[in-house]
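For reference, the structure is listed below as structure tokens.
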DNA sequence: ATTACGCTTGTGGTCTGACCAGAATGGTCC
DNA sequence: GGACCATTCTGGTCAGACCACAAGCGTAAT
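Protein chains in written order, with our numbering: chain A, 49 to 302; chain B, 49 to 302.
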């Protein structure tokens, strides 16, 4: 598994900007979201009709409808037959994947969202690593070791560790045996992929992270939830401090 | 907020079956999923072409594409231009909302999924109620009290408490101040809506649940995370035993 | 003035048929 | 055997049309 798309391997490994112009073809949804946000529409407000939106964005109704269907499944809008398309209370009703989609479109998380994601990730992963230590089986350990071996190779080759780091963490969650758990955490990793590539662009971080992963693996293999949780806690603290510094820097004016 | 669609209020309050014939118009996705499952396609396998699928399901290519776009955003399939539509490793890569969608389509959760959802819900809500007790503000308490008042009224009127119960629990999560947290938990409640209506169809459960909610509210208002967590833990235990009994009954042959 | 009816308009939902660029394929030629 | 090229098939997109239905509005009857 791990990464699926080829991708330009590693761009100029300096940084990934996370704010690329999104090609020139800017996916339709990527243009719809700013449009909605810019109009300051309140939840419950009606959007322009499909025909009007299609014309305004210079696409056919079919393409527009496809985009709206996606926004509907993410619970951002609601389509009422013979009536219109209505905005929903995104913060309360929107799905986690709505944020994932925005991230994939290059729209950065707000400061609040960053803090919330960091907090929730800690909650989930601390609990996951405990359960993993209690339940891991041979296949789980093999997955962990495979991810670790791949990481070691990648570090030696100077590759960006972002995806392999994710693979390890997801292997931990998978070791809980709870696949719904895995789905949720996977969304979080998709959410922060761009930023995590930036995180690991600093070559110093990869070896430290890897060492902490090794400690975690041992605790899991030994079946010691407390030690595993402590290891994960310390590991996350490092990542979280990165995020917090990022926010402070942005608060000071980038 | 709470419920959005009218719905027949409360069907014959005996049970909700969770396996309705899905009207006659059976949404296209609701037919696509069984088709994929029935063909025993492995992750990575290619689906028939859009044209072929459209013909097979008796719909236009546009309608078919809309459905595929939804499945793609839920990370169940992957569309590769000029190549085909490919199945993804749903259990590992699929989104939480994919399960929500299935539930809304009337497809019941597997036994494994039920156990996983129950476990994850406990993890999330225990942590949520702790944070709520630490951070709640006036607006949060007002939301909790509003939900409680509505519940009291509904119990008196003999209405099904499912949605108001959800409103209370979501108000607890909202009191954490973490909106991403709220999104995740909200998905869980959407996921089990039908079953929860069945749960509360037993009129005896509503008053007990309400009393437990009151205790939780007090602990949150008092700012006592431990007591709040204990209250939530006991409350969840009741719900979980319902689910486990359901599974056992199904295991014995419905 | 008030009510009841019916037409017009606008909406999402759907279908048809067509074109495009790019991959995948398979054959041909060197 | 390997490089090349034409054909086929794919998703992606478009334009134009029809449908059922809700809402609004005007008219007609009360």
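Ideal Cβ positions, reconstructed from N, Cα and C, are used throughout, including at glycine.
message = Quick test of your reading: residue 265 of chain B and residue 172 of chain B, contact by CB under 8 Å. State the CB separation rounded to the nearest angstrom.
response = No, residue 265 of chain B and residue 172 of chain B are not in contact; Cβ-Cβ is about 19 Å, not under 8 Å.
task = Identify whether residue 100 of chain A lies in helix, strand or coil by the three-state DSSP scheme.
result = helix
message = By the three-class DSSP mapping on this structure, what secondary structure does residue 153 of chain A have?
response = coil
message = Determine, for residue 198 of chain A, whether the minimum Cβ-Cβ distance to residues of chain B falls below 9 Å.
response = no
request  = Consult DSSP for residue 94 of chain A and reduce its assignment to one of helix, strand or coil.
outcome  = strand
message = Based on DSSP bridge pairs, tell me the residues matched to residue 133 of chain A.
response = A:127
task = Answer yes or no: does any C-beta atom of chain B fall closer than 9 Å to that of residue 105 of chain A?
result = no
message = Using a Cβ distance threshold of 8 Å, determine whether the segment 266-275 of chain A contacts the segment 203-218 of chain A, with at least three qualifying pairs required.
response = no
request  = Name, please, each residue of chain A whose Cβ falls closer than 7 Å to the Cβ of residue 185 of chain B.
outcome  = The contacting residues do not exist; residue 185 of chain B stays about 15 Å from chain A at best.
Inter-residue spacing [alpha-carbon to alpha-carbon] between residue 202 of chain B and residue 262 of chain B = 15 Å
ask   = What number of angstroms, rounded off, separates the C-alpha of residue 147 of chain A from the C-alpha of residue 136 of chain B?
value = 21 Å
message = Does the structure place the segment 106-125 of chain B close enough to the segment 150-168 of chain B that three or more beta carbon pairs sit under 8 Å?
response = no
Three-way DSSP call (helix, strand, coil) for residue 223 of chain A in this model = coil
query = Does residue 79 of chain A have its Cβ less than 9 Å from a Cβ in chain B?
reply = no
task = Just the C-alpha distance for residue 227 of chain A and residue 108 of chain A, rounded to the nearest angstrom, thanks.
result = 39 Å
request  = Go ahead and pull the three-state DSSP assignment for residue 174 of chain B.
outcome  = helix
ask   = Closest by CA to residue 101 of chain B, which one among B:81, B:286, B:154?
value = B:81
key: Terminal residues of the alpha helix (DSSP H) in which residue 141 of chain A lies   = 138-141
query = Roughly how many whole angstroms lie between the Cα atoms of residue 281 of chain B and residue 143 of chain A?
reply = 26 Å
query = At what residues does the alpha helix (DSSP H) containing residue 118 of chain B begin and finish?
reply = 109-121
task = Excluding the 5 residues preceding and the 5 following residue 200 of chain A in the sequence, name in chain order all residues of the same chain whose CB lies nearer than 8 Å to its CB.
result = 258
query = Between residue 96 of chain B and the rest of its own chain, which residues show a CB-CB distance below 6 Å, the 5 nearest in sequence each way excluded?
reply = none
request  = Could you work out which residue in A:186, A:249, A:152, A:76 is closest to residue 104 of chain A when comparing CA atoms only?
outcome  = A:76
message = Once DSSP output is grouped into helix, strand and coil, what is the label at residue 158 of chain A?
response = coil
inquiry  = Against chain A, with Cβ distances strictly below 9 Å, would residue 229 of chain B count as a contact?
reply    = yes
key: Best match in B:116, B:92, B:251, B:300 for proximity to residue 207 of chain B [C-alpha to C-alpha]   = B:251
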